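Line by line, the protein sequences are chains A and B. So the first sequence is numbered by our numbering: it starts at 1 and just counts up by one. So the second sequence is numbered by our numbering: it starts at 1001 and just counts up by one. The beta-carbon is built from N, C-alpha and C at its ideal position, and this holds for glycine as well. The model shown is predicted, which means the values in this text are computed figures rather than measured ones. Accompanying notes for the structure given below.
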Amino acid sequence: MSDLFDLAIVGAGPAGLAALIAAAEASDGRARMAIIDSRPQPGGQYYLQPPPDFQPPARESFLHHRAEAQAWFARASACDADWLLDTDVWGITRLDDAGWQLHLRGRDALRCLSARGVILAVGAYDRPIPFPGWTLPGVMTAGAAQNLLKSQGLLPGRSIVVSGSGPLALAVAANMAEAGARVAAFLHAAPRLIRRSLRHLPALWGQWARLREGHHYWRVLRRARVPIRLGWAAAAAHGEGELRAVRAVRLGPDWRPLPGAQNTETFEADALIVGYGFTPAVQLSRLAGCRHVFDPRSGNDAPAREADMASSQPGLWIAGDGAGIGGAALAQIEGQIAGIAAMRDVGYAQRERAEAQIGRLRGALRREQRFAALLAALFTPGPAFYTLAQDDTLMCRCENVPRSALVAAAQDGAQTINEVKGLTRAGMGLCQGRMCAEAVAQVMRAARQSGYSPPPAALDPDLSPAATPRAPLWPLTLDELRRPVETVEPGRR
Amino acid sequence: MRIAPESPLAPVARGGSITLWVDGQPVVAYAGETLAAALLAAGRRALYRPAGYGEPIRPHGVYCGMGVCFECLVWVEQPRRAETDAPAQDGAGAWLRACVTPAEDGMRVRTRADLPGA
Ligand SMILES: Cc1cc2nc3c(=O)[nH]c(=O)nc-3n(C[C@H](O)[C@H](O)[C@H](O)COP(=O)(O)OP(=O)(O)OC[C@H]3O[C@@H](n4cnc5c(N)ncnc54)[C@H](O)[C@@H]3O)c2cc1C
Ligand code: FES
């Protein structure tokens, strides 16, 4: 079939761009490729830039990585590929012979595209953790605050509390101060950080750029005299209709919020930024039928992969944060490996040469994997952190489902996420469970452990934090569905 | 709040100025901004949408900022593209995610604070 692409890459972030460039090189430019991204510009989360109407900041900063981004964009746009930006992939289906069909939604029409191989490089989003008041306007994720600043030059408020765990929380707190906001408090949740870090010192070896960046942020916070609380987190957001104050709480060694007045402090603020790590966007890989495993160390569900980034489905590779959180550098290495492996398997790259190229990337891959494991070990919230949610806290934001309804469903015998979804509507709303899945799974696990719901099963596959995904992954309108679906073919655009 | 030009992180220049109509009031924004940015900069943080199943309507706001959570839905009159089939309350229009929708000159946006129960 001549209307087939050799390779389609979903996601034009660090992983997708690296995959594109590596595949173009490995096939000597012969492969017919397409790269698709929801966003209007390439770059994903890490290389997000201001819109073309803006003139970006003159000075290079850790925020934009502008020079690096421009270099990647230049290399990627020199590759022979069809670019489909501003285009969501809302479904994926296997073709009968070999390959995949991707279902797309562009600005003006639905399209579809078939390819012999697909690389998913779809990234991640902030891990949502419910707490009282988290639906109040003024409470937003670290990713939201960073995007607003990075691409729009905007602060979410005048007086800001940042609560989180991990490098992004630190970066965002410092960015807010650098951009002129008053940071009312920086709450870094991970308990006993220093003691636990010592055990992982070897993984920091070689990560000089990251350590320099972290040191810079720390200095910014000190210079701005930001109150810093280590081992504390935002426990509740208060306000009528909008955020006015944040109640912070000290955490015990297992992340359990501690009771008592001496463990509580209130900060006035008009914005609260929360960031407790990331959740890989596994919706497409699950829809494609890839096997997923729950990794208790990172608290995430992730696709199982071979060393060459192949998923359990033929002709489907997965690279970057969408396969497990690892940062931009790891995403790029994984993207390269996936790009080379895809060209090897569709027959454009000679096998031995491809293997040798992949082999040369192993060392760097392992170093970044070690660092990712360190971040997961230090910063992943413990299950007890989910007890911040109270009976009336909305766990499913879309369908307004409070925690009490989930507990009742578990007590009534619901055993899987799908059953809870059926009973309570949690996960049935517009976000399709992206915001509540992990919190629902935590309620279910707690219910099982406390014995009022059958067998204990921390690793029960049915309790992986996702209900069965359904296409479309984003709501489509009847109007869109009524119009003819255009087929995208190589080089025709 | 748009960051002050003296901050090292501020863009050197924003796009040309445009005017949106938010709940009938003019709001000045800049080309290249998303609806979410324009609304936040204008201090319009509380957004509303119809309650699904009889629950009271609660204020929503930008949460994920990257198109994932749908908490930033606003009603846009006669947009170029609709995002959900939620029934029109009145007139032609659609619910759009403010955080991924570019603001356009003359766009008419409603936060729906007028919904009964909001
Ligand atoms: C919110 C957030 C903030 C971060 N901040 C920092 C930071 O300050 N410093 C740092 O060093 N690292 C940061 N990271 C980590 C770093 O950005 C990521 O590790 C890196 O971007 C991963 O690259 P990626 O290519 O795997 O994914 P991404 O960069 O996330 O790119 C994925 C791309 O896929 C697209 N996509 C996803 N699903 C679809 C679909 N269905 N259809 C079409 N397109 C789709 C997205 O639009 C996106 O452009 C952050 C990560 C996140 C999630
Ligand atoms: S804020 Fe989450 S979709 Fe817009």
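Would residue i count as contacting chain B if we go by Cβ distances under 7 Å?
i: Y47/A; result: no
i: Y125/A; result: yes
i: V485/A; result: no
i: T141/A; result: yes
i: P51/A; result: yes
i: M176/A; result: no
i: G180/A; result: yes
i: G153/A; result: yes
i: F54/A; result: yes
i: R376/A; result: The sequence as given places Ala at residue 376/A; Arg does not occur at that position. False, the Cβ-Cβ gap to chain B never drops below 7 Å.
i: C290/A; result: no
i: G241/A; result: yes
i: M395/A; result: no
i: L102/A; result: no
Considering only heavy atoms of ligand 1, does any lie closer than 6 Å to the CB of residue i?
i: L168/A; result: yes
i: R445/A; result: no
i: R39/A; result: yes
i: D494/A; result: The structure shown does not extend to residue 494/A, since chain A spans only 1 to 493, so no value can be given for it.
i: V420/A; result: no
i: Y46/A; result: yes
i: A124/A; result: yes
i: P14/A; result: yes
i: P321/A; result: Inspection of the sequence shows that residue 321/A is occupied by Asp rather than by Pro. Checking every heavy atom of ligand 1 against the Cβ of D321/A, one is found closer than 6 Å.
i: V249/A; result: no
i: G277/A; result: no
i: G327/A; result: yes
i: A171/A; result: yes
i: G11/A; result: yes
i: D86/A; result: no
i: V89/A; result: yes
i: A331/A; result: yes
Apart from the five residues just before and just after residue i, which ones in its own chain have a Cβ nearer than 6 Å to its Cβ?
i: E268/A; result: A245
i: A224/A; result: A177
i: S163/A; result: L187, A233, A234 and V274
i: R493/A; result: Bear in mind that the predicted position of R493/A carries a pLDDT of just 46, short of 50, making it unreliable; the figure below should be weighed with that in mind. If we look at R493/A and ignore the five residues flanking it on each side, its Cβ neighbours are D82.
i: R403/A; result: A389, D391, T393 and M395
i: R353/A; result: none
i: P461/A; result: Because the pLDDT at P461/A is just 44, under 50, the model does not fix this residue reliably, and the value given afterwards should be weighed accordingly. Closer than 6 Å at Cβ, skipping near neighbours: no residue.
i: A1010/B; result: I1003
Would you say residue i lies against chain A (beta-carbon separation less than 7 Å)?
i: V1022/B; result: no
i: C1064/B; result: yes
i: G1093/B; result: no
i: E1104/B; result: no
i: M1001/B; result: yes
i: C1072/B; result: no
i: P1050/B; result: no
i: A1088/B; result: Residue placement at A1088/B is poorly supported in this model, since its pLDDT is 48, which falls under 50; the coordinates still yield a value, given next. False, the Cβ-Cβ gap to chain A never drops below 7 Å.
i: A1037/B; result: yes
i: S1007/B; result: yes
i: R1014/B; result: yes
i: A1046/B; result: yes
i: V1068/B; result: yes
i: A1010/B; result: yes
i: E1077/B; result: no
Indicate whether residue i and residue j have their beta-carbon atoms separated by less than 7 Å.
i: L1073/B; j: R1049/B; result: yes
i: C79/A; j: A24/A; result: yes
i: A271/A; j: I160/A; result: yes
i: E60/A; j: A67/A; result: yes
i: D254/A; j: G166/A; result: no
i: A1046/B; j: L154/A; result: no
i: R291/A; j: A307/A; result: no
i: A174/A; j: Y217/A; result: yes
i: I36/A; j: L20/A; result: no
i: L258/A; j: R247/A; result: no
i: I526/A; j: I358/A; result: Residue 526/A falls outside the range modelled here, since chain A spans only 1 to 493, and no answer is possible.
Once you ignore the five residues that flank residue i on each side, which residues in its own chain have a CB closer than 8 Å to its CB?
i: L110/A; result: H103, L104, L476, E480, L481, R483, V485 and E486
Near residue i, what residues of its chain come up, given a Cβ to Cβ distance below 7 Å and the 5 sequence neighbours on each side ignored?
i: E399/A; result: R425, A426, M428 and G429
i: G289/A; result: Q313
i: A281/A; result: V122, G123, A124, Y125 and G322
i: W72/A; result: L17 and Y47
i: A384/A; result: D254, W255 and R256
Would you say residue i faces chain C, with C-beta separation under 7 Å as the test?
i: G1043/B; result: The question asks about chain C, but that chain is absent: this structure's protein chains are A and B.
Listed by chain order, which residues have C-beta atoms less than 7 Å from any heavy atom of ligand 2?
A144/A, A1036/B, V1062/B, Y1063/B, C1064/B, G1065/B, M1066/B, G1067/B, V1068/B, C1069/B, F1070/B, E1071/B, C1072/B, R1097/B, A1098/B, C1099/B and V1100/B
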